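Asks:
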Amino acid sequence: MSDGSTDVLIVGGGPVGLSTALFLARKGIRPILVERRPRLSTIPRATGLHARTVEIFRTVGLEPAVQEAGMKIVGPGAELDLVRAGRATPLVMLGAQSLADLHKSFVMEAHDVDYDAFTPSWPIWCGQDHYEPLLFDAAVEAGAEIRFQNELVGLVQDSDGVTATVNDNGTTRTIRARYVVAADGVKSPVRDMLQIGNRSNGVAGNFVSIIFRAKVDLPDTAPRFTLIYLMNQLAQGLLLFIEPGRWMFGVNYYPERGQSPADFTPERCVELARIAAGDPELEVEVESAQPWDARHMVADAYRSGRVFLAGDACHAHPPAGGFGVNAGIQDAHNLAWKLAEVLQGHADESLLDSYEAERRPVGAATADQAWMLFRTRGQLADEDKAAYRDFVIVTMGYRYTSNAIVGAPADTELLPRELSFTGQPGSRAPHGWVDHHGSRISTIDVLTEGWTLATAPGDDTWLAAAESVASQTGVPIRALTAGPDGDLADDSSWLASCGVGTGGALLVRPDGIVAWRSAGPVDNAAQTLAAALATILQGA
Numbered sequence: 001m002s003d004g005s006t007d008v009l010i011v012g013g014g015p016v017g018l019s020t021a022l023f024l025a026r027k028g029i030r031p032i033l034v035e036r037r038p039r040l041s042t043i044p045r046a047t048g049l050h051a052r053t054v055e056i057f058r059t060v061g062l063e064p065a066v067q068e069a070g071m072k073i074v075g076p077g078a079e080l081d082l083v084r085a086g087r088a089t090p091l092v093m094l095g096a097q098s099l100a101d102l103h104k105s106f107v108m109e110a111h112d113v114d115y116d117a118f119t120p121s122w123p124i125w126c127g128q129d130h131y132e133p134l135l136f137d138a139a140v141e142a143g144a145e146i147r148f149q150n151e152l153v154g155l156v157q158d159s160d161g162v163t164a165t166v167n168d169n170g171t172t173r174t175i176r177a178r179y180v181v182a183a184d185g186v187k188s189p190v191r192d193m194l195q196i197g198n199r200s201n202g203v204a205g206n207f208v209s210i211i212f213r214a215k216v217d218l219p220d221t222a223p224r225f226t227l228i229y230l231m232n233q234l235a236q237g238l239l240l241f242i243e244p245g246r247w248m249f250g251v252n253y254y255p256e257r258g259q260s261p262a263d264f265t266p267e268r269c270v271e272l273a274r275i276a277a278g279d280p281e282l283e284v285e286v287e288s289a290q291p292w293d294a295r296h297m298v299a300d301a302y303r304s305g306r307v308f309l310a311g312d313a314c315h316a317h318p319p320a321g322g323f324g325v326n327a328g329i330q331d332a333h334n335l336a337w338k339l340a341e342v343l344q345g346h347a348d349e350s351l352l353d354s355y356e357a358e359r360r361p362v363g364a365a366t367a368d369q370a371w372m373l374f375r376t377r378g379q380l381a382d383e384d385k386a387a388y389r390d391f392v393i394v395t396m397g398y399r400y401t402s403n404a405i406v407g408a409p410a411d412t413e414l415l416p417r418e419l420s421f422t423g424q425p426g427s428r429a430p431h432g433w434v435d436h437h438g439s440r441i442s443t444i445d446v447l448t449e450g451w452t453l454a455t456a457p458g459d460d461t462w463l464a465a466a467e468s469v470a471s472q473t474g475v476p477i478r479a480l481t482a483g484p485d486g487d488l489a490d491d492s493s494w495l496a497s498c499g500v501g502t503g504g505a506l507l508v509r510p511d512g513i514v515a516w517r518s519a520g521p522v523d524n525a526a527q528t529l530a531a532a533l534a535t536i537l538q539g540a
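For the sequence shown, UniProt numbering assigns the number 1 to the initial residue and increments by one for each residue that follows.
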């Protein structure tokens, strides 16, 4: 039975699939998303949303709702009133025997980042069960169609599109799509159907995550934390603070010793929760016990014809660094605008090649960083120290090189040693506070609404060039002046931070990445801008 057609079929209704649906729908593409589960997740996995991910949510209007649903991540000892009120949590990992022994704990890892220096968005500690509904509602409101209890069971590609076979709650249907995005997890059936291999360092450990509720009264003098590594002979593992009264205890099990998830009976889970709390009489409500592996994997390809992999389907990480869902949402953000440009006739299909060229190196580096962190827990060997990068660099300081970037230096380092935003093509455009029509906003707020060309006030050369190129190509380009009395009014410091001087210009892609820049004037602005855009969109 045929069930219609769509420009983009998305497989998988987790955070990455839902984000893909939202980003496409916001670009005017109405995707269909199929998810084999009957509903959204009720498990608080993927809890840490890094600043770049929150920035992306900001651009689609979700940042306030995510802030309300979660807690601000702060530095050690910072904003204690918010921490005690359950509105913030410090990104600190302690080593301890139990919650009752926090006075004997020691700091294993602590991160204190001045996010205000480079972003308008602070990271948020928020369970997947809280932000998935926000993504779902926003995607549906924007025009996406989401179908639960629909399991993809087959894919056939041809030169014009993909025919997908779906088991719709017992009824077999087909959906015709021009493109497919598979966000169907680390065991991706779509990846298997496409026979895409992978490289893997293996599994660093087997765990069961016990989600439980318990009222644990911590004295005001107790150190505040987000994670505790429990060094307890009776129960060793990682205890995460999810939200007030709710915890997740990731406990090791060892298959080589004959152990399995079946050992984690409800009674055993209660016992483990009490050991973690250090209170043998604690009242515990166990919500769930989910097995998982600390697995490393990078797919050999992110694309096969008209089918693209995103999120855990193409890169899997141990949980160290909290990179997983963030890298997946950034995959979705990178791919969605490119699909939209092609589907709306603004770009040649060659633009889609840049998805793998940009995101696979980042996915591989991210997986490798997570593996290294998980295996060492901060105790880096000398041979690892040169490769290590701070988690902020991993999550937002990466640099792209592809046919969708013009002018990236030949010696561009994928993960630089220092976090900097200088307007270099291939990097995220710098953040700065500016006055825009009487409102104080971040440049991030206006550089992700489409193609944007920024230049200094007083010279209409680039403004006229943008208007001319947009008219000739049909590609909307928003031209803005940045500096005193400009559209983005400041003291000229923002444009200077982008490496753009008098007579220069900066072209920013719809995902906020610098596509091209001219540090100063050129002989023919319209011709130069048209050539840069043609290289990106038409592979010219």
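C-beta atoms are modelled at their ideal positions from N, C-alpha and C, and glycine is treated no differently.
On a predicted model such as this, the values are computed, not experimentally measured, just so you know.
Measure how close the beta-carbons of Ile329 and Ser19 come, nearest whole angstrom, since I'm counting them as under 8 Å.
Replies: Taking the sequence shown and counting its residues from 1, one reaches residue 329 at position 329. Taking the sequence shown and counting its residues from 1, one reaches residue 19 at position 19. That pair is a contact at about 5 Å.
Asks: Note the first and the last residue of the continuous alpha helix (DSSP H) segment covering Asn334.
Replies: Position 334 of the sequence shown, counted from the first residue, corresponds to residue 334. Run containing Asn334: Gly324 to Leu343, per the alpha helix (DSSP H) assignment.
Asks: Could you tell me which of Arg178, Gly185 and Phe148 sits nearest to Asn167, measuring between CA atoms?
Replies: Position 167 of the sequence shown holds residue 167. Minimum Cα distance to Asn167 is reached at Phe148.
Asks: Which residue's Cα is closest to the Cα of Gly161: Leu415, Arg87, Thr174 and Thr455?
Replies: Locating residue 161 in the sequence shown gives position 161, counting from the first residue. Answer by Cα proximity: Thr174.
Asks: From the DSSP output, in three-state form, read off Gly17 for me.
Replies: Working through the sequence shown from its first residue, we reach residue 17 at position 17. Three-state result, Gly17: helix.
Asks: Whole angstroms is fine: what's the gap from Ser200's alpha carbon to His296's?
Replies: Counted from its first residue, the sequence shown places residue 200 at position 200. Counted from its first residue, the sequence shown places residue 296 at position 296. When rounded, the distance between both Cα atoms is 5 Å.
Asks: According to DSSP, is Glu243 helix, strand or coil?
Replies: Numbered from its first residue, the sequence shown carries residue 243 at position 243. If DSSP states are grouped into helix, strand and coil, Glu243 belongs with the strands.
Asks: I'd like the span of the beta strand (DSSP E) that includes Phe207, first residue to last.
Replies: Residue numbering aside, residue 207 sits at position 207 when the sequence shown is read from its first letter. Phe207 -> beta strand (DSSP E) spans Asn198 to Arg213.
Asks: Do the CB positions of Ala294 and Pro319 come within less than 9 Å of each other?
Replies: The sequence position of residue 294 within the sequence shown is 294, counting from 1. The sequence position of residue 319 within the sequence shown is 319, counting from 1. Yes, the pair counts as a contact, with Cβ atoms nearer than the cut-off.
Asks: Tell me the residue span of the beta strand (DSSP E) that contains Gln128.
Replies: Counting from one through the sequence shown, the residue named residue 128 turns up at place 128. Gln128 -> not in any beta strand (DSSP E); alpha helix (DSSP H) instead, spanning Gln128 to Ala142.
Asks: Just to check my reading of the structure: Val83 and Val107 have Cβ atoms closer than 8 Å, yes? What is that Cβ distance to the nearest angstrom?
Replies: Here the question's residue 83 lines up with position 83 in the sequence shown. Here the question's residue 107 lines up with position 107 in the sequence shown. The Cβ separation is near 16 Å, so there is no contact.
Asks: Is there contact here, the region 331-340 with the region 18-35, by at least three beta-carbon pairs under 8 Å?
Replies: Touching, yes.
Asks: Could you check whether the region 505-513 touches the region 416-429, counting it as contact only if at least three pairs of C-beta atoms, one from each stretch, sit closer than 8 Å?
Replies: Because the criterion of three Cβ pairs below 8 Å is met, the region 505-513 and the region 416-429 touch.
Asks: Classify Trp125 as helix, strand or coil using the three-state DSSP reduction.
Replies: Taking the sequence shown and counting its residues from 1, one reaches residue 125 at position 125. Looking at Trp125 - three-state DSSP - the assignment turns out to be strand.
Asks: Under the rule that 16 or more other beta-carbon atoms within 10 Å means buried, what is Thr59, buried or exposed?
Replies: Here the question's residue 59 lines up with position 59 in the sequence shown. Result: buried.
Asks: Thinking C-beta only, is Ala204 closer than 9 Å to Phe374?
Replies: Here residue 374 refers to the residue found at position 374 when the sequence shown is read from its first residue. Here residue 204 refers to the residue found at position 204 when the sequence shown is read from its first residue. Contact flag set, yes.
Asks: With contact counted as at least three CB pairs below 8 Å, one residue from each stretch, are the region 346-354 and the region 362-372 in contact?
Replies: Short answer: they don't touch.
Asks: Determine the burial state of Met1: buried for a count of at least 16 other Cβ atoms within 10 Å of its Cβ, exposed for fewer.
Replies: Start at 1 with the first residue of the sequence shown, and residue 1 comes out as number 1. Unreliable placement is indicated for Met1, whose pLDDT of 49 sits below 50; the coordinate value is still reported in the next sentence. Under this definition Met1 is an exposed residue.
Asks: Assign residue 553 to buried or exposed, taking buried as 16 or more other Cβ atoms, counted over all protein chains shown, within 10 Å of its Cβ.
Replies: Any answer about residue 553 is impossible in this case: the structure gives the chain only from 1 up to 540.
Asks: May I have the straight-line CA-CA distance separating Asn169 from Gly12, to the nearest angstrom?
Replies: Here residue 169 refers to the residue found at position 169 of the sequence shown. Here residue 12 refers to the residue found at position 12 of the sequence shown. The straight-line gap from Cα to Cα measures roughly 15 Å.
Asks: Once DSSP output is grouped into helix, strand and coil, what is the label at Pro90?
Replies: Numbered from its first residue, the sequence shown carries residue 90 at position 90. Pro90 falls in the strand class under three-state DSSP.
Asks: For Ala277 versus Gly311, is the C-beta distance shorter than 9 Å?
Replies: Position 277 of the sequence shown, counting from 1, holds the residue named residue 277. Position 311 of the sequence shown, counting from 1, holds the residue named residue 311. No. Outside cutoff.
Asks: Should Gly397 be labelled buried (16 or more other beta-carbon atoms within 10 Å of its own) or exposed?
Replies: Taking the first residue of the sequence shown as position 1, residue 397 is located at position 397. Buried, because 16 or more other Cβ atoms sit within 10 Å of the Cβ of Gly397.
Asks: Would you report the Cα separation of His111 and Met231, rounded to the nearest angstrom?
Replies: For this step, residue 111 is matched to residue 111 along the sequence shown. For this step, residue 231 is matched to residue 231 along the sequence shown. Approximately 21 Å, taken between the alpha carbons.
Asks: Can you pull the DSSP bridge partners for Lys72?
Replies: The residue given as residue 72 occupies position 72 in the sequence shown. Lys72 is bridged to Ala88 and Ile124.
Asks: Nearest by alpha-carbon distance to Ser105: which of Asp114, Leu94 and Tyr115 is it?
Replies: Indexing the sequence shown from 1 puts residue 105 at position 105. Nearest option by C-alpha distance: Leu94.
Asks: Hey, would you say Thr221 sits closer than 9 Å to His50, going by beta carbons?
Replies: For the purposes of this step, residue 221 is taken as residue 221 along the sequence shown, with counting starting at 1. For the purposes of this step, residue 50 is taken as residue 50 along the sequence shown, with counting starting at 1. Their beta carbons are not under 9 Å apart, which means Thr221 does not touch His50 by this criterion.
Asks: Pair every Cβ in the region 472-482 with every Cβ in the region 447-458, then say whether three or more of these pairs are closer than 8 Å.
Replies: Because the criterion of three Cβ pairs below 8 Å is met, the region 472-482 and the region 447-458 touch.
Asks: From the DSSP secondary-structure annotation, give me the bridge partner or partners of Met297.
Replies: The residue given as residue 297 occupies position 297 in the sequence shown. DSSP, once it has assigned bridges, lists Ala316 as partnering Met297.
Asks: For the ligand MN, any of its heavy atoms closer than 8 Å to the Cβ of Gly205?
Replies: Absent from the structure shown: the ligand MN. Ligands present: none.
Asks: Find the nearest neighbour of Asp523 within the set Asp490, Ala465 and Trp494, judged by alpha-carbon distance.
Replies: Residue numbering aside, residue 523 sits at position 523 when the sequence shown is read from its first letter. Closest by alpha carbon: Ala465.
Asks: What does Gln290 pair with, by DSSP beta-bridge criteria?
Replies: To locate residue 290, count along the sequence shown from 1; it is residue 290. Per DSSP, Ser209.
Asks: According to the neighbour-count rule (16 or more other Cβ atoms, all chains shown, within 10 Å of its Cβ), is Glu418 buried or exposed?
Replies: In the sequence shown, residue 418 corresponds to position 418, counting from 1. Looking at its Cβ environment, which holds fewer than 16 other Cβ atoms inside 10 Å, Glu418 is exposed.
Asks: Alpha carbons only, please: which of Val180, Gln233, Gln97 and Val475 is nearest the one belonging to Glu341?
Replies: Here residue 341 refers to the residue found at position 341 of the sequence shown. Answer by Cα proximity: Val475.
Asks: Gly486 to Trp433, Cα distance in whole Å?
Replies: One-based indexing of the sequence shown puts residue 486 at position 486. One-based indexing of the sequence shown puts residue 433 at position 433. The alpha-carbon atoms of Gly486 and Trp433 are separated by roughly 13 Å.
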